[in-house]
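Trainee: After the structure tokens below, expect a handful of questions from me.
Protein chains: 2
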Amino acid sequence: MKGLKEKIIGLADEDLLSIETALKKNLITYLDLVSDVAGHILFAGGKRFRPFLMVLSARICGYTGEYDKTFSVIFEYLHTATLLHDDLVDDATIRRGKAAANTVYGNAEAVLVGDFLLARSLSIAVRTGKIEVIEAIGEITEDMSQGEIHQLIGKGNLNLTEEEYMDVIRRKTAALIMGACKCGALIAEAGKEKASILSTYGYNLGMAFQMTDDLLDYTSDTGTLGKAVGADLKEGKLTLPVIHSLKNAGPADRKKMEAVIKNSEFSIDEFDILKGMLEKYGGISYTESLAADHVAKAKEALSAFKPTETRDLMMMLADYSVNRES
Amino acid sequence: MKGLKEKIIGLADEDLLSIETALKKNLITYLDLVSDVAGHILFAGGKRFRPFLMVLSARICGYTGEYDKTFSVIFEYLHTATLLHDDLVDDATIRRGKAAANTVYGNAEAVLVGDFLLARSLSIAVRTGKIEVIEAIGEITEDMSQGEIHQLIGKGNLNLTEEEYMDVIRRKTAALIMGACKCGALIAEAGKEKASILSTYGYNLGMAFQMTDDLLDYTSDTGTLGKAVGADLKEGKLTLPVIHSLKNAGPADRKKMEAVIKNSEFSIDEFDILKGMLEKYGGISYTESLAADHVAKAKEALSAFKPTETRDLMMMLADYSVNRES
């Protein structure tokens, strides 16, 4: 599916350039450290998935104004703020193929610049003058922090359920992507029905996106991924491929899996054993199939809009959320 | 001035109880860890200075509604969020006489629960339905994070100027207290003039409050203060008493002071030498006199309101901001 990415980038080129400009312009502060720390991660090859979805969502609702790019940065800043804080929370060392900001600049810097980005997101949201947009940002930030906290609490819990996993990824990932799409409709003043359709699209796309992220941690390699493969397991973070396989494994195999999970210093061979179990007990295919269901639902929601180039592109983005290498 | 505190508490009793209830009620989430971590610091004897100021500011503008207590918690949550993050930033070990939350629960927990409190503050601000309140919250959070970052950058800088110090404390402390007072007026729909008067009151009170905090770090003791005395210096954080004394000291004494400042492992004797220099070169008295000026300006602003019990109490709070032991 490599062609899909190129096709999307070809169609998205102009928008992505404008988003890039807006991301730089709205980051200005009197403190160089903010631009340095935020820029370290913000301009390290992010996909701009969230702001782009907001722009497209506004466009599919007929928005032709000038402020979509400006407001779209809210969602990249919020995303970046959580990355800065999460890398600290997870003791991550690599992000987007570079040393994680906290390891380069320090934990204090990562925390405070993350806080700044949260604050700047809010300030930009206020500039929309729309209380529903600001309300959505409030809900998203609450969801994201609660999702991260729930995930943190669940670390090392071998009995984490699929339901808990779904709740965590809904909050930590889908809420923001859903919010970006919804806010596109709100900025376009498109009415409740369209906002609801785009929320459904964004929610499902977000769920599929995170499931794919969690799959890539087992199926990709560090070079391609831009962060350490197997990192989730090293942190004791159980995701759906593991949760599902643990549930279906017999006692002997479950014991083998648990041994790897409990040992944060597992070897490559041990990691390969675990990956074998994920194949054997369907954890990979089950997660893939749930992600595919979400993509189908996202596209189905979108079919309420009449066919346009924008709709095509949004359909492609739904496909891309599960067919990507990083 | 010990009588002042008791007098204030006597008059404030009922309000403080309602604020306490609101602080508990609005913290509810489905995650126990949030209540535990936030509660660890939130219910450890905080003065509730900021929410109380918002309540009084609303009242002095004639507000008689029911929502002032609910909305006032915004300012305590914001304050608590920054305490959680700052203790991590500063590697603090004690806060409000207890082990700092990050040392009890971990850095990850402190960061994420701080994020949650920021998010919850925003959500409550949205519930006011007033875009000016939300705008103020956006400005406050931007200011606070930039103030903290500026302070972090300045750590160990022996040439930090008084102007930079003023800018840092304005952002990190005065902005929130000013915002609490301003939002009281906004909630009371009291008009621009009263909002501006209360902003002036809050700004000056906030500046005096932080200068006093910085003085207490040299003049109090750990037991009374509930956090480590001399902590600022240990972290390389130069505050006005030191900045002013360094500027006025002759080369030999400056050298002695610098030796203590540069050595984060300074002994009690060395700390006493430095304190002697702060007396000798007027750093203590200069800071006290600037703080007193700010208190005078705060009270002067307030004199635009007609004399009432509320105004008396707010005058007392201005005095209290500099006449306190912790």
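Taken in order, these protein sequences are the chains called P and A. First residue of the first sequence: 7, per the working numbering; consecutive thereafter. First residue of the second sequence: 7, per the working numbering; consecutive thereafter. Each residue gets a CB set at the ideal place from its N, CA and C atoms; glycine is no exception.
What's the gap between the Cα of residue 78 of chain A and the Cα of residue 72 of chain P?
Mentor: The residue you call residue 78 of chain A lines up with position 72 of the second sequence. The residue you call residue 72 of chain P lines up with position 66 of the first sequence. Cα-Cα distance, rounded: 36 Å.
Trainee: Sort out for me which residues DSSP pairs residue 105 of chain A with in a bridge.
Mentor: Looking up residue 105 of chain A in the second sequence gives position 99. According to DSSP, which records beta bridges pairwise, residue 105 of chain A is partnered with A:100.
Trainee: So residue 11 of chain P packs on residue 330 of chain P, CB below 8 Å; how close in whole Å?
Mentor: As a position in the first sequence, residue 11 of chain P is number 5, starting the count at 1. As a position in the first sequence, residue 330 of chain P is number 324, starting the count at 1. Between residue 330 of chain P and residue 11 of chain P the Cβ distance is about 7 Å, and since that is below 8 Å, they are a contact.
Trainee: Using a cut-off of 8 Å between C-beta atoms, extract the partners of residue 35 of chain A located in chain P.
Mentor: As a working mapping, residue 35 of chain A is identified with position 29 in the second sequence. Chain P residues near residue 35 of chain A: 152.
Trainee: Does DSSP classify residue 144 of chain A as helix, strand or coil?
Mentor: For the purposes of this step, residue 144 of chain A is identified with residue 138 of the second sequence, where counting begins at 1. Residue 144 of chain A: helix per DSSP, three-state reduction.
Trainee: Going by CA-CA distance only, name the one from P:143, P:251, P:238 that's closest to residue 80 of chain P.
Mentor: For the purposes of this step, residue 80 of chain P is taken as the residue at position 74 of the first sequence. By alpha-carbon distance to residue 80 of chain P, the top candidate from P:143, P:251, P:238 is P:143.
Trainee: With contact counted as at least three CB pairs below 8 Å, one residue from each stretch, are the stretch 46-54 of chain P and the stretch 24-33 of chain P in contact?
Mentor: When Cβ pairs closer than 8 Å are counted between the two stretches, the stretch 46-54 of chain P is seen to touch the stretch 24-33 of chain P, the count reaching three or more.
Trainee: How many angstroms separate the CA atom of residue 120 of chain P from the CA atom of residue 183 of chain A?
Mentor: Numbered from 1 along the first sequence, position 114 holds the residue referred to as residue 120 of chain P. Numbered from 1 along the second sequence, position 177 holds the residue referred to as residue 183 of chain A. Distance between the alpha carbons of residue 120 of chain P and residue 183 of chain A: 22 Å.
Trainee: Measuring straight from C-alpha to C-alpha, what distance separates residue 237 of chain A and residue 269 of chain P?
Mentor: Counting from one through the second sequence, the residue named residue 237 of chain A turns up at place 231. Counting from one through the first sequence, the residue named residue 269 of chain P turns up at place 263. Distance between the alpha carbons of residue 237 of chain A and residue 269 of chain P is about 39 Å.
Trainee: Could you please give the first and the last residue of the uninterrupted alpha helix (DSSP H) stretch that includes residue 226 of chain P?
Mentor: If you number the first sequence from 1, residue 226 of chain P lands on position 220. Careful: residue 226 of chain P lies outside any alpha helix (DSSP H) and carries neither H nor E.
Trainee: Which residues, in chain order, does the stretch 148-181 of chain P contribute to contact with chain A at a C-beta distance below 7 Å?
Mentor: 148, 151, 152, 154, 155, 156, 158, 159
Trainee: Hey, could you find the ends of the alpha helix (DSSP H) residue 170 of chain A is sitting in?
Mentor: Looking up residue 170 of chain A in the second sequence gives position 164. Unbroken alpha helix (DSSP H) run through residue 170 of chain A: 168-175.
Trainee: Does any CB atom of chain A fall closer than 9 Å to the CB of residue 135 of chain P?
Mentor: As a position in the first sequence, residue 135 of chain P is number 129, starting the count at 1. By this cut-off, residue 135 of chain P is an interface position.
Trainee: Helix, strand or coil for residue 257 of chain P, going by three-state DSSP, please let me know.
Mentor: Counting from one through the first sequence, the residue named residue 257 of chain P turns up at place 251. If DSSP states are grouped into helix, strand and coil, residue 257 of chain P belongs with the helices.
Trainee: Residue 342 of chain A: buried (16+ other C-beta within 10 angstroms of its C-beta) or exposed?
Mentor: Outside the displayed span of chain A (7 to 332) sits residue 342 of chain A, for which this structure offers no information.
Trainee: Pair every Cβ in the stretch 174-191 of chain A with every Cβ in the stretch 203-219 of chain A, then say whether three or more of these pairs are closer than 8 Å.
Mentor: With three or more CB-CB distances shorter than 8 Å, the stretch 174-191 of chain A counts as touching the stretch 203-219 of chain A.
Trainee: State the DSSP-derived secondary structure class of residue 36 of chain A, mapped to helix, strand or coil.
Mentor: The residue labelled residue 36 of chain A in the question sits at position 30 within the second sequence. Residue 36 of chain A: coil per DSSP, three-state reduction.
Trainee: Leaving out five residues before and five after residue 243 of chain P in sequence, what residues of the same chain have Cβ atoms less than 7 Å from its Cβ?
Mentor: As a working note, residue 243 of chain P is residue 237 in the first sequence. Cβ neighbours of residue 243 of chain P beyond the five flanking positions: 157, 161.
Trainee: Give the straight-line distance between the Cα atoms of residue 239 of chain P and residue 96 of chain P, rounded to the nearest whole angstrom.
Mentor: The count along the first sequence starts at 1 and reaches residue 239 of chain P at position 233. The count along the first sequence starts at 1 and reaches residue 96 of chain P at position 90. One C-alpha to the other measures close to 11 Å.
Trainee: Could you name the residues of chain A that residue 115 of chain P contacts, counting a contact when the two beta carbons are closer than 8 Å?
Mentor: Residue numbering aside, residue 115 of chain P sits at position 109 when the first sequence is read from its first letter. Those are 155, 158, listed as they occur along chain A.
Trainee: Got a sec: is the Cβ-Cβ distance from residue 126 of chain A to anything in chain P below 9 Å?
Mentor: In the second sequence, the residue the question calls residue 126 of chain A occupies position 120. At a cut-off of 9 Å, the C-beta of residue 126 of chain A has a neighbouring C-beta in chain P.
Trainee: As an exercise, report each continuous alpha helix (DSSP H) stretch of at least 4 residues that is fully enclosed by the stretch 52-121 of chain A, in chain order.
Mentor: Whole alpha helix (DSSP H) segments, 4+ residues: 55-66, 74-95, 107-111.
Trainee: Give me, in chain order, the residues of the same chain whose beta-carbon lies closer than 7 Å to that of residue 254 of chain A; leave out the 5 immediate sequence neighbours on both sides.
Mentor: In the second sequence, the residue the question calls residue 254 of chain A occupies position 248. 287, 288, listed in sequence order.
Trainee: Suppose the cutoff is 6 Å on Cβ atoms and the five residues either side in sequence are ignored; what does the same chain contact list for residue 190 of chain A look like?
Mentor: Within the second sequence, residue 190 of chain A is the residue found at index 184, counting from 1. Here the set comprises 60, 63, 64.
Trainee: Would residue 267 of chain A and residue 137 of chain P qualify as a contact pair, given that the criterion is a beta-carbon distance under 9 Å?
Mentor: As a position in the second sequence, residue 267 of chain A is number 261, starting the count at 1. As a position in the first sequence, residue 137 of chain P is number 131, starting the count at 1. Not closer than 9 Å, so no.
Trainee: Check the Cβ-Cβ distances between residue 195 of chain A and every residue of chain P, and say whether any is below 9 Å.
Mentor: In the second sequence, residue 195 of chain A corresponds to position 189, counting from 1. No, residue 195 of chain A does not count as interfacial toward chain P.
Trainee: Identify whether residue 215 of chain A lies in helix, strand or coil by the three-state DSSP scheme.
Mentor: Against the second sequence, residue 215 of chain A aligns to sequence position 209. Helix at residue 215 of chain A.
Trainee: What is the C-beta distance between residue 164 of chain P and residue 252 of chain P, in whole angstroms, given that I count them as a contact (C-beta under 8 Å)?
Mentor: Position 158 of the first sequence, counting from 1, holds the residue named residue 164 of chain P. Position 246 of the first sequence, counting from 1, holds the residue named residue 252 of chain P. Right, the Cβ-Cβ distance comes to about 7 Å (below 8 Å), so this counts as a contact.
Trainee: Buried or exposed, going by whether 16 or more other CB atoms sit within 10 Å of the CB of residue 131 of chain P?
Mentor: Taking the first sequence and counting its residues from 1, one reaches residue 131 of chain P at position 125. It is buried - the Cβ of residue 131 of chain P has at least 16 other Cβ atoms within 10 Å.
Trainee: Along chain A, in chain order, which residues have C-beta atoms closer than 7 Å to that of residue 141 of chain P?
Mentor: By one-based count along the first sequence, residue 141 of chain P stands at place 135. Residues of chain A passing the Cβ test: 132.
Trainee: Determine the DSSP secondary structure at residue 235 of chain P, reduced to helix, strand or coil.
Mentor: On the first sequence, residue 235 of chain P is found 229 positions in, with the first residue counted as 1. Coil, per DSSP.
Trainee: Strictly below 9 Å CB to CB, what residues from chain A border residue 331 of chain P?
Mentor: Here residue 331 of chain P refers to the residue found at position 325 when the first sequence is read from its first residue. Residues of chain A passing the Cβ test: none, with the nearest at roughly 29 Å.
Trainee: Tell me where the alpha helix (DSSP H) around residue 281 of chain P begins and ends.
Mentor: On the first sequence, position 275 is the one that residue 281 of chain P refers to. 274-286 is the span of the alpha helix (DSSP H), which, as asked, contains residue 281 of chain P.
Trainee: Assess, as a yes-or-no matter, whether the stretch 28-44 of chain P is touched by the stretch 103-120 of chain P under the definition of 3 or more beta carbon pairs within less than 8 Å.
Mentor: yes
Trainee: Within its chain, find whatever has a CB closer than 7 Å to the CB of residue 89 of chain P; leave out the 5 residues flanking it on each side and keep chain order.
Mentor: Looking up residue 89 of chain P in the first sequence gives position 83. So the qualifying residues of the chain are 47, 101.
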